[in-house]
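Colleague:
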Amino acid sequence: MTTVIIIRYSEIYLKGKNRGFFERLLEENISKALKGIKCERVKQSGRYLLEGYDEGDVDEILFRLGRVFGIHDLSVAEKVPSDMDEILRASLYVCEEKGSFKVLCQRADKSFPLNSMEICAEIGGKILEARPDLSVDIHQPDFYVSIDVRENGTSLVFKDRVKGPGGMPVGTAGKGLLLLSGGIDSPVAGHMIAKRGMKVDGIHFHSYPYTNLQAKEKVITLAKKLSPYTSGMTLYIVRVTKIQEEIHKKCNADFMVALLRRFMVRIAEIVSQKDGAQCIITGESLGQVASQTIEGMTSTGLVTSLPILRPLVGFDKEEIIERAKAIDTFSTSIEPFEDCCTVFLPRHPVIHPKISDIEREEGKLDVDSLVREAVSDIEILRL
Amino acid sequence: MIYLDNAATTKPDAECLKKAKKYLYEDFYNPSSVYKEGYDLKLDLLSAKEEILSHIANPRDFDLIVTSCGTEADNHALFCGAKRGNVVTTMGEHSAVYNAAKELSQRGTDVRYAKLKEDGSVNGDDLLSLVDEKTSFVSCIHVNNETGAISDVNALASAVKKKAPGALFHSDGVQAFGKLPFKIGKDVDMYSVSAHKIGGMKGCGALFLRKKISIKPYIYGGGQEGGMRSGTENVFGIKMFEFAAAKRFSKLEENYERAAHMRDCLLKSLDDELFKVISSDKASPYIVCVSVLGVRGETIVHEAGDRGLLIGSGSACSSNEKKRYSRVILACGVPEADADGILRISFSPETTEDETIECARILNETVKSRKEIMG
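Going down the list, the protein sequences come from chains W and H. So the mapping is simple: our numbering equals the position in the first sequence, first residue as 1, plus 7. So the mapping is simple: our numbering equals the position in the second sequence, first residue as 1, plus 52.
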């Protein structure tokens with residue numbers, strides 16, 4: 008009897024000719040996630056088995072696989088030869104001490120002498136004989152004993168199915184560049200898009216010396232927390248101090264954020280071309296702050312030909328916070344370091360900016376040279 | 053690089069390092085060991101502690117408990133010294149005392165905070181008005197670590213003892229020890245110090261404890277430091293502390309005059325249209341606190357750093373209002389607008405006049421250009 012981990016993936020997306028492509032990326036992402044842990048991966052139909060790892064690594068393996076999109080669920084199972092005595096031994100091993108149970112069986116090996124109903128009945132009966140404290144409840148059992156009789160002469164016996172992160176393998180749906188501010192929203196936006204299979208890289212804007220090194224470090228921490236979900240992440244760090252100073256000096260103060268965001272999108276587009284990203288992702292949510300209005304979004308959308316994905320556009324703050332907590336970015340996001348958006352913050356930012364007004368204000372700046380200057384000195388981190 | 057953040061930490065003294073090196077490479081033994089090599093070290097440490105003590109107190113009257121830092125010494129004093137009744141401290145304490153007092157208050161102790169005068173020294177009248185016969189513990193910082201303001205802790209201790217004879221009086225002397233001429237007065241019971249503020253190593257501090265006072269240990273274990281602070285002794289750190297203290301105290305007055313000269317030199321060279329001086333002229337000359345009007349202190353610290361000058365700030369680029377301004381600076385009655393631009397320049401005996409003038413030049417230039425940009 009050896010312990011293995013069963014990794015199951017949702018087959019719904021894996022039909023037709025694309026199957027190989029999806030599976031290859033999922034395998035790559037699993038290997039990347041398990042880097043540094045000794046184990047072997049065996050492919051079976053619709054699932055992988057992990058074998059040959061140290062018992063002490065099980066929790067770490069489950070934790071890491073819990074961040075690989077495309078995995079539907081996971082089980083820690085006992086692998087035995089397909090023999091009723093061995094299956095019973097494994098079944099007794101996985102059983103709880105007390106409570107009610109139900110035996111489930113799948114039989115892929117049609118040459119096995121008993122069918123799945125018969126296996127359930129026989130194993131269930133023998134468990135009851137051996138463990139008088141247990142009882143059977145086929146409607147609402149406290150736990151299941153699942154038996155999977157495979158074609159290759161082995162059977163897998165397990166108790167729990169741990170829910171995986173779901174979604175699609177990262178890399179199957181192109182690549183996007185996430186505007187990562189350090190706040191609560193943007194990591195959640197990146198997580199949601201990665202879940203649909205998109206590779207996500209990050210871009211962060213700072214205004215040192217007005218913002219501090221801790222603020223930058225905080226964003227690096229957020230990117231590190233996201234990177235297991237995105238199967239690694241490249242983070243581009245861009246200084247926009249000069250742009251903010253120029254806006255402050257030459258333009259109507261109320262347009263600071265509206266103008267700055269257009270610069271961010273322009274810079275993100277240039278970085279996307281180098282990075283191979285096909286879209287820009289933001290954590291904007293309609294009406295959350297002054298710049299996140301439909302007018303604000305229209306204005307930023309006009310300066311790029313790339314689509315801007317805003318997965319949180321219809322979310323309430325509370326819903327976003329709940330997700331941020333679930334992916335463990337919340338506690339980092341609420342560290343109180345200022346980001347560049349709050350430097351030179353106007354008292355009354357324009358909420359419904361007219362494109363003509365924005366363009367008039369922007370006309371006072373040498374946009375091209377400011378953008379060129381910003382992208383000429385980008386710090387690149389591979390996480 | 054010009055380093056003028058010596059109130060945060062000082063560079064370990066090279067001469068002392070040379071002398072103390074053998075305690076890393078040769079005399080590395082555990083002083084609790086029973087063989088001769090270990091026992092000799094124990095004796096060596098005892099004399100080192102007495103030596104450190106003797107600079108400001110009589111070793112007949114005081115014990116020295118070596119700790120891992122000034123913060124631990126403060127925590128030991130508060131958590132083990134405060135008994136029933138109430139505790140009185142000040143709004144100008146270093147976080148090591150202030151946050152420990154807050155914790156005491158959380159645990160149900162009545163903790164009272166005395167107001168500060170404008171320069172950051174404690175308002176003695178207010179402190180005494182808070183003390184009553186039920187006061188069990190009073191803690192008052194000797195030199196304010198942000199403004200350099202000096203409180204006369206000996207006089208305060210005597211006044212406190214008149215009102216509450218049973219109270220213990222503690223002072224955080226981290227920014228005073230080895231810098232100011234001072235002897236512990238008859239009514240001060242505990243005094244915290246730290247090695248790395250005077251050329252010693254980080255990881256070594258001490259609590260001076262009057263012999264007739266009985267308090268409990270803060271850390272339990274193998275019974276080192278006479279049972280008052282268990283844990284294998286930091287031999288190298290203690291010897292460095294001994295050597296550094298000896299060096300500082302041997303030239304205490306000379307260094308003091310030198311620091312005062314640097315302070316005057318700095319204040320003369322700073323553009324008084326750009327800076328407002330917060331420290332009073334009676335403050336410790338080692339610490340100069342100024343405010344830049346209209347620019348956040350941390351912004352200037354960043355930019356000065358890029359230009360080769362390292363100094364401290366009293367405000368942070370924090371989006372949390374409560375964390376942005378220094379609690380101590382606000383307690384001095386400084387308005388928020390000024391509190392936003394706080395800078396702290398702090399000297400060591402090694403600071404030269406050239407460095408001080410260059411510091412002023414960099415600050416003048418940085419603030420001027422920043423103000424031009426920010427309009």
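Beta carbons: idealized from backbone N, C-alpha and C, even for Gly.
(1) Per DSSP, ASP208 (chain W) is paired with what?
(2) Can you name the start and end residues of the alpha helix (DSSP H) that VAL382 (chain W) belongs to?
(3) Could you say if the stretch 251-265 of chain H and the stretch 112-119 of chain H meet the contact criterion of at least three C-beta pairs nearer than 8 Å?
(4) Are the CB atoms of GLU124 (chain H) and GLY257 (chain H) nearer to each other than 9 Å?
(5) List, in order along the chain, the chain H residues whose C-beta lies closer than 9 Å to that of GLU252 (chain W)?
(6) How long is the line joining the alpha carbons of ALA296 (chain H) and GLY225 (chain H), rounded to whole angstroms?
(7) Chain W beta carbons: is any one of them nearer than 9 Å to that of ASP239 (chain H)?
(8) May I have the straight-line CA-CA distance separating GLY189 (chain W) from ALA207 (chain H), to the nearest angstrom?
(9) When you compare only the Cα positions, how much space is there between VAL380 (chain H) and LEU182 (chain H)?
(10) Beta carbon of VAL287 (chain H), beta carbon of LEU319 (chain H): below 9 Å?
(11) Please state whether the Cβ-Cβ distance between ALA389 (chain H) and GLY357 (chain H) is less than 9 Å.
(12) Where does MET8 (chain W) fall in DSSP's three states?
(13) Can you tell which of W:GLU158, W:ASP61, W:GLU85 and W:LYS256 has the C-alpha that lies nearest to the C-alpha of GLN51 (chain W)?
(14) Helix, strand or coil: which one does DSSP assign to PRO194 (chain W)?
(15) Does the stretch 253-263 of chain W come close enough to the stretch 356-370 of chain W to have 3 or more Cβ pairs within less than 8 Å?
(16) Taking all protein chains shown into account, decide if ILE68 (chain W) is buried (16 or more other Cβ within 10 angstroms of its Cβ) or exposed.
(17) Would DSSP call PHE288 (chain H) helix, strand or coil?
(18) Please give the ranges of any beta strand (DSSP E) in the stretch 200-237 of chain H, keeping only runs that are unbroken, at least 3 residues long and fully inside the region.
(19) With a threshold of 6 Å on Cβ separation, who are the neighbours of ASP64 (chain W) within its own chain once the five nearest residues in sequence on each side are excluded?
(20) For a quick check, are the C-beta atoms of MET242 (chain H) and PHE229 (chain H) less than 9 Å apart?
(21) Mapping the DSSP letters down to three states, classify PHE327 (chain H) as helix, strand or coil.
(22) Is the Cβ of ASP392 (chain H) closer than 9 Å to any Cβ of chain W?
(23) For VAL212 (chain H) versus VAL149 (chain H), is the C-beta spacing smaller than 9 Å?
(24) What first and last residue would you give for the alpha helix (DSSP H) that runs through MET53 (chain H)?
(25) My understanding is that ILE330 (chain H) touches ILE363 (chain H), with C-beta atoms under 8 Å, so please give their C-beta distance in whole angstroms.
(26) According to DSSP, is HIS240 (chain W) helix, strand or coil?
(27) Any C-beta of chain H sitting closer than 9 Å to the C-beta of HIS255 (chain W)?
(28) Mapping the DSSP letters down to three states, classify LYS249 (chain H) as helix, strand or coil.
(29) By the DSSP assignment, the beta strand (DSSP E) with ALA258 (chain H) in it spans what residues?
(30) Would you call the CB atoms of GLN227 (chain H) and SER84 (chain H) closer than 9 Å?
(31) Have a look at GLU27 (chain H) and ALA312 (chain H) and give me their C-alpha separation to the nearest angstrom.
(32) From what residue to what residue does the alpha helix (DSSP H) around GLN280 (chain W) run?
(33) Can you tell me which of W:THR336, W:THR10, W:LYS332 and W:GLU325 puts its alpha carbon nearest to the alpha carbon of PHE165 (chain W)?
(34) Using only the alpha-carbon positions, how far apart do LYS170 (chain W) and ASP80 (chain W) sit?
(35) Quick check on the DSSP output: the alpha helix (DSSP H) that includes GLY178 (chain W) runs from which residue to which?
(36) With C-beta atoms as the reference, is GLY349 (chain H) less than 9 Å away from ASP392 (chain H)?
Modeller: On the basis of the supplied data:
(1) W:LEU184
(2) 374-382
(3) yes
(4) yes
(5) ILE425 and MET426
(6) 16 Å
(7) no
(8) 50 Å
(9) 19 Å
(10) no
(11) no
(12) coil
(13) W:GLU158
(14) helix
(15) yes
(16) buried
(17) helix
(18) 220-224
(19) ILE44
(20) no
(21) strand
(22) no
(23) no
(24) Premise fails: MET53 (chain H) is in no alpha helix (DSSP H) and is neither H nor E.
(25) The Cβ separation is near 14 Å, so there is no contact.
(26) Checking the sequence, you will find Met at residue 240 (chain W) rather than His. Correct three-state label for MET240 (chain W): coil.
(27) yes
(28) coil
(29) 257-262
(30) no
(31) Because chain H here runs from 53 to 427, residue 27 (chain H) falls outside it and cannot be looked at.
(32) 263-282
(33) W:THR10
(34) 4 Å
(35) Note, GLY178 (chain W): premise wrong, no alpha helix (DSSP H); not H, not E.
(36) yes
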